[in-house]
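Chemist: Right, I'll just put the structure down here and ask away after.
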Amino acid sequence: MILGHRGVISSTTRTGGEPEKQKLSVATGLAGLSLDAMASVSYGPEAIVLVLALAGGAGIGFTVPVTIAIAVLLVVLVASYRQVIAAFPEGGGAYAVAKKHLSPRASLTAASSLIVDYTLNVAVSIAAGVAALTSAFPALLPYTVWIALAILGGITALNLRGIADSARVFMLPTVIFVVSIFTVIGAGLLRESPAAATAPFVADNAHTIGILLLLKAFSSGCAALTGVEAIANAVPSFKKPRVRSAQRAEVALGILLGTMLIGLAVLIEKFSLAPIPGTTVLSQLTSAALGNGVGYYVVQFSTVILLALAANTSYGGLPNLMRILADDNVLPHRFSRKSTRDVFTYGVLSLGGVGALLLIGSGGNMNTLVPLFAISVFIGFTLAQFGMVRHWLAERTPGWKWRLALNGFGAVLTSIAAVVTTAMKFTEGAWLIALALPALVLGMERIRGAYTHIGTRLTIQSDNDSLSIGYKPAVLVPVSEITSLSTRAMAAATAMSSQPIAIRVCLAHESTTDFTRRWQARHPNSRLIVIEDTENSVGNTLARYIRTHFPHRETFVVVATIDPATRWHRFLPSQRTDEIAHALRKHTEAVVCQIPVRIDPAHRDPALRA
């Protein structure tokens, strides 16, 4: 069973024919589908602390209440997504729900939010992993961006080679990480004082604790809720009974994530932790609970590994989502093509490229990226919940009223969270998401419109649209010299038409008598037309001739091109055939047929001058 981020089944999976024994149990599904949700405990609590610390020690005292508010929202989301699992046993995220129950634009908005979510997951996970690494080894701090780019490059390269990650492989790192976090929580609760010294709390220009500060802390901490919907997207991947297994995994995820978030929040208040540049809050908590011995490094390394795996899951999810969108004609069809290694190359490269830009632009700082993360997440949550409201209104199955109320309540909460998060984080980068999402939606609508137009043009409306038996296209062969290239081109043209036309474009005042004589001697039965180059461009002159003499006739232009056997020989030809092909495709509807002719490295053909 191959799984991707958000539970989207990756390109190498064939769910329809999978043996039942390869399906996911509750435990393996939890490990394979909740990596980013589990990993979010490494940056979610820190996002809360960074905001509350603006109010000094008194602000840190609100860490637990803010975290409990986030946990309440988590409970509502888990309960809501249990309903999504029951209503969509075939799987499907916000895109599928919005596509079925809302509108085309709503489905594209959901798809756009998923694309942003996938991309940010890569950047945030890698940045958080590097932050954990530099917290353990401060000497690496100046190389943060380079380390992040190296990790990103390695993950991208592995995925281009067709690396497929089994959910069972994720079990051990996930278990070690979860056990490590609970060990930190347990040890911290048992300690009267920190095992290692913590920095004294100093707050310059402390802010007053007000509703805006608390809302900002809440919106920052909501980044910890990413990944809650992943299990609902991959219900077919579970063992029978699939719905029951997926629902149990969803509940288990909610319990584990909520407990870890609240436990870490309690420790933050207990030890009155202050943000330290270059050191993560999780690193400080681990040091305070376990000291700086072996246990500290186990937690840090398990965090780095889990975050790297969480980043890697996007490479299974986004390329496959882009394949689905390409099949729906809202992305270029090249995103649905696989390489020989069974990989969606364009999707993988796109994810790696945008991820690199985000890491460079943020300086590898996870706290710069985290504010952007929650916005796209809550847009997807909201659309899924409103879609489920429409679902229950249409289905009206037994118990539909309380299910409607649950999803409606979830829709209200997530929409409020989306608005609050956007408003509170607008000046911190949320404006970028506010621009990116509409741009993606409009771009996909334009692509869909283009494909619709192409499909209409290519549709055969009647028998009259078909080419008749007597149809005879014009076949033209541009020639400049009498060589093996022109001979091959004429041979191909003769196979296409019994009367191919050779065309020689000559310069002004250039004598063509000698060329005409030699051509007639070589090709006595072919027609040769000589035209004058009045535009200082062979391609444009040829295009003008075709528009003038064959305005309503299908035209094929056959050109032979040199295919050198060595790379440096590729710089020797004049590339005039490329100029001709470009001009004809730009200015005419002629079909350009290029015939490559292999040239031996030791062979010096006059055609190199062509």
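For our numbering, add 20 to where a residue sits in the sequence shown, where the first one is 1. Backbone N, C-alpha and C define an ideal beta-carbon position, used for all residues, glycine too. Computed from a prediction, not measured in an experiment: that's the story for all the values here.
1. State the start and end residues of the unbroken alpha helix (DSSP H) segment that holds residue 599.
2. Is it buried or exposed for residue 479, if we count other Cβ within 10 angstroms and need 16 for buried?
3. Out of 561, 203 and 404, which has the shortest C-alpha to C-alpha gap to residue 603?
4. Under 8 Å, with one C-beta from each stretch per pair, do the stretch 390-398 and the stretch 150-163 reach the 3-pair mark?
5. Would you identify the three-state DSSP class for residue 297, choosing helix, strand or coil?
6. Can you tell me where the alpha helix (DSSP H) with residue 331 in it begins and where it stops?
7. What's the gap between the Cα of residue 374 and the Cα of residue 460?
8. Could you pull out every unbroken alpha helix (DSSP H) segment of at least 4 residues lying fully inside the stretch 250-315, listed in chain order?
9. Considering only the alpha carbon of each residue, which of 394, 72 and 425 lies closest to residue 408?
10. Would the beta-carbon of residue 402 fall within 7 Å of that of residue 365?
11. Roughly how many angstroms lie between the CA atoms of residue 556 and residue 526, to the nearest whole one?
12. With a CB to CB cut of under 7 Å and the five nearest residues on each side skipped, what residues in its chain are close to residue 405?
13. From which residue to which residue does the alpha helix (DSSP H) around residue 378 run?
14. Can you grab the Cα-Cα spacing for the pair residue 416 / residue 199, in whole Å?
15. Tell me where the alpha helix (DSSP H) around residue 50 begins and ends.
16. Using the Cβ count rule (16 or more neighbours within 10 Å means buried), how would you classify residue 304?
17. When DSSP builds the beta bridges, which residues end up paired with residue 575?
18. Suppose you measure from the CA of residue 87 to the CA of residue 266; what does that come to, to the nearest Å?
19. Assuming residue 55 and residue 202 form a contact by the criterion Cβ under 8 Å, report the distance between their Cβ atoms to the nearest whole angstrom.
20. Do you know offhand how far residue 247's Cα is from residue 192's?
21. Kindly confirm or deny that the stretch 242-256 and the stretch 94-110 touch, where touching means at least three C-beta pairs closer than 8 Å.
22. Report all residues from its chain with a CB closer than 7 Å to the CB of residue 46; omit the five preceding and five following residues, and keep chain order.
23. Between residue 301 and residue 65, is the Cβ-Cβ spacing less than 7 Å?
24. From what residue to what residue does the alpha helix (DSSP H) around residue 403 run?
25. Closer than 8 Å is the cut-off here; do at least three beta carbon pairs connect the stretch 342-353 with the stretch 316-329?
26. According to DSSP, is residue 27 part of a helix, a strand, or is it coil?
27. Can you grab the Cα-Cα spacing for the pair residue 232 / residue 294, in whole Å?
28. Using a Cβ-Cβ cutoff of less than 8 Å, which residues in the same chain neighbour residue 368 once the five nearest sequence positions on both sides are dropped?
29. Got a sec? Which residues, its chain only, sit under 8 Å from residue 583 by beta carbon, not counting five neighbours each side?
30. To which residues does DSSP link residue 583 through a beta bridge?
31. With the cut-off set at 7 Å, would you say residue 283 and residue 94 are in Cβ contact?
32. Using a Cβ-Cβ cutoff of less than 8 Å, which residues in the same chain neighbour residue 611 once the five nearest sequence positions on both sides are dropped?
33. Work out the CA separation of residue 381 and residue 522 for me, nearest whole Å.
34. Just curious, the alpha helix (DSSP H) that residue 425 is in, first and last residue?
35. Tell whether a beta-carbon distance below 7 Å holds between residue 563 and residue 597.
Modeler: The short version:
1. 596-607
2. exposed
3. 561
4. no
5. coil
6. 314-347
7. 14 Å
8. 262-291 and 301-310
9. 425
10. no
11. 10 Å
12. 100, 427, 430, 431 and 434
13. 365-382
14. 43 Å
15. 46-53
16. Counting the other Cβ atoms within 10 Å of the Cβ of residue 304 gives 16 or more, which makes it buried.
17. 494
18. Looking at the two C-alpha atoms, the distance is approximately 26 Å.
19. Not confirmed; about 17 Å, so no contact.
20. 19 Å
21. yes
22. Within the same chain, residue 46 has close Cβ partners 265, 268, 269 and 272.
23. Residue 301 is a Cβ neighbour of residue 65, given a cutoff of 7 Å.
24. 386-415
25. no
26. In this prediction, residue 27 has a pLDDT of 42, which is less than 50 and means its spatial position is unreliable; what the coordinates show is noted afterwards. Looking at residue 27 - three-state DSSP - the assignment turns out to be helix.
27. 20 Å
28. 176, 179, 180, 335 and 339
29. 616, 617, 618 and 619
30. Residue 583 is bridged to 618.
31. no
32. 574, 575, 576 and 577
33. For residue 522 and residue 381, the distance between alpha carbons rounds to 56 Å.
34. 420-445
35. no
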